[in-house]
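Accompanying notes for the structure given below.
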Amino acid sequence: MSEPTLPVGGGFLWEPAGSREQMAPEHFSDEQRQMASAGRDFSEQEIRPRIREIETKKAGLIPELLRKAGELGLLMVDIPTEYEGLGLGQTTSMLLAEQFSSIGSFSVSLGAHTGIGTMPLVYFGSDAQKRAYLPDLGTGRKLAAYALTEASSGSDALAAKTRAERTPDGKRWILNGTKQFITNAGFADLFTVFAKVNGDQFTAFLVDRTAPGLTIGPEEHKMGIRGSSTCALTFENTPVPVENMLGEIGRGHKIAFNTLNIGRIKLGIGTIGACKAALEISARYAKERAQFGKPIGSFGLVGSKLAEMALTTFVGETIGYRTTGLVDGRLERARTDGERVDAIEEFSIEASLIKVYGSEAFNYCADEAVQVHGGYGFIEEFQPERLLRDSRINRIFEGTNEINRLIVPATILKRALKGQNPLLPHSMMLRQQLGKGMVPPRPEGDLGVERQVAEFCKWIALYVLSVVAETYQAKIADEQEVLGDVADMILRVYALDSVVQRVRQIETGANTARKAVARDMLTAFAPRAYGQVLHTGRHVLMDICDEPTLGGHLSALSSLRMDWPSKVIAAKRRLASAVLAADGYPLA
Ligand SMILES: Cc1cc2nc3c(=O)[nH]c(=O)nc-3n(C[C@H](O)[C@H](O)[C@H](O)COP(=O)(O)OP(=O)(O)OC[C@H]3O[C@@H](n4cnc5c(N)ncnc54)[C@H](O)[C@@H]3O)c2cc1C
2 MSEPTLPVGG
12 GFLWEPAGSR
22 EQMAPEHFSD
32 EQRQMASAGR
42 DFSEQEIRPR
52 IREIETKKAG
62 LIPELLRKAG
72 ELGLLMVDIP
82 TEYEGLGLGQ
92 TTSMLLAEQF
102 SSIGSFSVSL
112 GAHTGIGTMP
122 LVYFGSDAQK
132 RAYLPDLGTG
142 RKLAAYALTE
152 ASSGSDALAA
162 KTRAERTPDG
172 KRWILNGTKQ
182 FITNAGFADL
192 FTVFAKVNGD
202 QFTAFLVDRT
212 APGLTIGPEE
222 HKMGIRGSST
232 CALTFENTPV
242 PVENMLGEIG
252 RGHKIAFNTL
262 NIGRIKLGIG
272 TIGACKAALE
282 ISARYAKERA
292 QFGKPIGSFG
302 LVGSKLAEMA
312 LTTFVGETIG
322 YRTTGLVDGR
332 LERARTDGER
342 VDAIEEFSIE
352 ASLIKVYGSE
362 AFNYCADEAV
372 QVHGGYGFIE
382 EFQPERLLRD
392 SRINRIFEGT
402 NEINRLIVPA
412 TILKRALKGQ
422 NPLLPHSMML
432 RQQLGKGMVP
442 PRPEGDLGVE
452 RQVAEFCKWI
462 ALYVLSVVAE
472 TYQAKIADEQ
482 EVLGDVADMI
492 LRVYALDSVV
502 QRVRQIETGA
512 NTARKAVARD
522 MLTAFAPRAY
532 GQVLHTGRHV
542 LMDICDEPTL
552 GGHLSALSSL
562 RMDWPSKVIA
572 AKRRLASAVL
582 AADGYPLA
């Protein structure tokens with residue numbers, strides 16, 4: 002397939018469906034599979050047998066397990082080889098993260114160390130800083146944490162009050178302030194701390210646990226991920242050597258937000274690993290548990306839950322690895338740390354989308370796992386109870402889902418206004434075409450209907466986004482309810498576009514069972530995604546437009562109406578059978 006230009010963030014909105022190959026689990030290399038299998042073995046042999054001890058916060062256990070993971074090379078995947086890491090890229094890193102995700106307390110601790118704890122150094126550290134810390138972080142000899150949030154500044158992270166003042170001799174920074182809810186704080190050796198130089202220039206610092214004046218607060222008692230460490234940090238005249246400032250004065254926001262972009266990708270894929278676990282235990286239970294003389298998995302409404310969980314997982318996996326592939330594609334070309342940061346930033350839209358999707362998917366699958374288990378699902382001894390509690394935090398940290406939803410249209414429009422993407426001319430062009438009754442044609446060949454539907458979804462989303470932008474112009478940020486709806490439309494577009502392309506790619510392979518399952522996934526997903534995009538688009542227009550413009554807009558959208566015999570129930574029944582036969586996710 003020809004690939005004339007590099008993919009850009011948000012490009013799925015205006016590029017024709019299926020115009021590029023995308024990363025997917027079918028493309029994993031042997032090396033990536035080996036890494037996943039090492040992670041899975043570690044998870045099964047070292048972590049799972051100790052869940053109870055982990056959940057009761059046995060002193061020293063999580064750091065001990067993290068160090069063991071470090072000895073096996075499981076903490077150094079994203080650390081460059083020059084600093085004694087493996088330098089294997091985002092796809093491998095996320096595939097590994099997936100393997101731990103069903104045990105939330107451990108997986109959050111590991112993610113905080115390898116992701117938000119270590120990444121600020123990898124992307125923004127000087128050579129000396131990297132040499133000083135990365136080899137130890139890669140082996141687990143040192144463990145890391147990331148301290149951004151404060152009691153009065155969570156989502157509004159740049160409103161932090163922690164201050165940094167330089168000593169008159171210029172040799173140190175003095176930090177004062179308090180950070181809230183810091184994962185791994187109970188044992189981390191190194192903290193990336195954000196503070197304002199002279200109270201206004203947001204800047205990052207590397208602070209050792211042993212720094213004088215640093216006090217770690219007591220452990221929080223949490224709804225879920227109970228075994229993970231979450232504490233406050235207080236800095237009272239804490240001296241930090243000048244060489245431990247990370248990046249430049251006043252540029253801390255770039256470090257904070259790009260670190261979160263990586264964290265969002267990790268979370269977006271990690272949660273999909275947890276969906277697979279929820280599906281697996283539900284499938285096994287649905288086969289074993291009998292009521293009315295039959296296994297409950299044979300009932301249509303239970304089978305439908307298994308099929309929905311599998312579909313939810315498939316969609317998340319598809320957009321997750323497409324995103325890591327996009328980032329890796331840029332990272333491979335990057336020559337400098339600056340270009341590596343640009344690679345992450347370029348796909349911040351996709352990072353937010355997969356964070357929102359994955360966190361909600363896991364919450365949904367964990368909730369359905371409880372339901373499939375009936376009363377037993379509500380009992381602590383059974384896994385779904387913990388999964389559901391553990392799932393909840395994912396919608397809150399790494400930027401709440403509200404904040405991530407707002408980031409999506411805001412970033413697309415900001416880049417459009419700067420001429421960094423073709424959104425505005427492209428949406429004008431399609432509005433003119435719709436005005437003349439022209440719609441995207443049905444592509445020849447296989448999956449013609451689904452590819453056309455994916456194209457219709459893009460047109461609907463772009464049409465509505467352009468009307469929203471035109472209506473509110475500079476005041477658009479005040480219209481959060483509308484922006485939230487637009488973000489949901491864009492998420493469905495990304496999901497359907499990605500699923501169509503992945504299924505096309507699977508269809509070129511030799512595995513007929515995989516092809517059949519993949520096709521059923523698309524059959525079940527396409528009408529749903531299309532229905533949601535069309536419904537939301539119409540609802541947004543009805544909300545924001547007055548007569549007489551409303552009629553014209555709705556009539557333009559009505560030319561993108563499409564009905565086809567979708568046969569979703571039959572596809573879902575086949576998916577349920579595939580889940581039961583595989584004892585879980587049928588495309589593992
Ligand atoms: C277990 C746990 C672990 C954590 N780990 C870390 C960590 O390692 N490091 C770290 O720095 N932080 C960490 N956090 C903090 C976490 O990132 C924040 O809790 C999160 O960013 C939300 O901030 P907040 O709690 O202050 O909520 P707020 O920002 O007060 O938000 C409250 C509600 O208001 C909504 N809201 C806020 N602003 C807006 C807006 N502009 N528009 C629309 N809605 C809005 C939010 O979406 C949310 O629903 C952790 C938190 C927990 C609970």
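Here this note's numbering runs 1 ahead of the position in the sequence shown, where the first position is 1.
C-beta atoms are modelled at their ideal positions from N, C-alpha and C, and glycine is treated no differently.
Of the choices the options, whose alpha-carbon is the least far from that of residue i?
i: A186; options: F195, W174 and Y147; result: Y147
i: S108; options: E83, G40 and P121; result: G40
i: V342; options: S20, E45 and T260; result: T260
i: G61; options: G178, M120, G171 and S230; result: S230
i: C232; options: S110, G359 and I408; result: S110
i: V371; options: T314, L561, K162 and E281; result: E281
i: R443; options: Q533, L561, L551 and G538; result: L561
i: I669; options: F203, I104 and L207; result: What is shown of the chain runs 2 to 589, which leaves residue 669 out entirely.
i: G248; options: S556, P121, T513 and V487; result: P121
i: R53; options: E382, Q474, K459 and P441; result: E382
i: E1; options: T57, R574, N402 and P169; result: This structure cannot speak to residue 1, because the chain is shown only from 2 to 589.
i: K356; options: D157, V409, L307 and R503; result: V409
i: R515; options: V580, D486, G321 and P549; result: V580
i: I373; options: L389, S360 and E361; result: One detail in the question is off: residue 373 reads as Val in this sequence, not Ile. Ranking the options by Cα distance to V373, first place goes to L389.
i: D544; options: P528, Q421, V469 and Y495; result: V469
So is residue i buried or exposed if we call it buried at 16+ other beta carbons inside 10 Å?
i: G253; result: buried
i: W565; result: exposed
i: D79; result: buried
i: K476; result: exposed
i: T6; result: exposed
i: R142; result: exposed
i: S467; result: buried
i: N364; result: buried
i: N245; result: buried
i: R336; result: exposed
i: Q46; result: exposed
i: M2; result: Interpretation of M2 is limited by its pLDDT of 43, a score under 50 that renders its predicted location unreliable; the figure taken from the coordinates is listed afterwards. That one is exposed.
i: E4; result: Per-residue confidence for E4 stands at a pLDDT of 49, beneath the threshold of 50, marking its modelled position as unreliable; the derived number appears in the next sentence. Exposed, by the Cβ-count rule.
i: R49; result: exposed
i: N238; result: exposed
i: E456; result: buried
Assuming residue i contacts residue j (C-beta within less than 8 Å), just tell me the rounded distance between them.
i: D498; j: A284; result: At roughly 29 Å, the Cβ-Cβ gap does not stay under 8 Å, so D498 and A284 are not in contact.
i: P587; j: A152; result: Contact doesn't hold; Cβ gap of about 46 Å is too wide.
i: T211; j: V500; result: Contact doesn't hold; Cβ gap of about 50 Å is too wide.
i: L558; j: G538; result: 6 Å
Pick helix, strand or coil for residue i, following the three-state DSSP scheme.
i: E4; result: Confidence at E4 is low in this model, with a pLDDT of 49, below 50, so its placement is unreliable and no value can be given for it.
i: K132; result: The residue you asked about is not Lys; residue 132 is Arg in the sequence shown. Helix at R132.
i: S560; result: coil
i: Y586; result: coil
i: K573; result: helix
i: M24; result: coil
i: L144; result: coil
i: A291; result: strand
i: M246; result: strand
i: Q202; result: strand
i: A196; result: strand
i: C276; result: helix
i: D547; result: coil
i: N402; result: helix
i: S30; result: coil
i: I55; result: helix
Is it the case that the CB of residue i approaches a heavy atom of ligand 2 more closely than 7 Å?
i: L448; result: Within the structure as shown, ligand 2 is missing, the only ligands being ligand 1.
For residue i, which residues does DSSP report across the bridge?
i: L234; result: K180 and I217
i: D209; result: L191
i: I598; result: What is shown of the chain runs 2 to 589, which leaves residue 598 out entirely.
i: P296; result: A291
i: S392; result: S392 is not bridged to any residue.
i: K255; result: Answer is none; K255 lacks a bridge partner.
i: S154; result: E151
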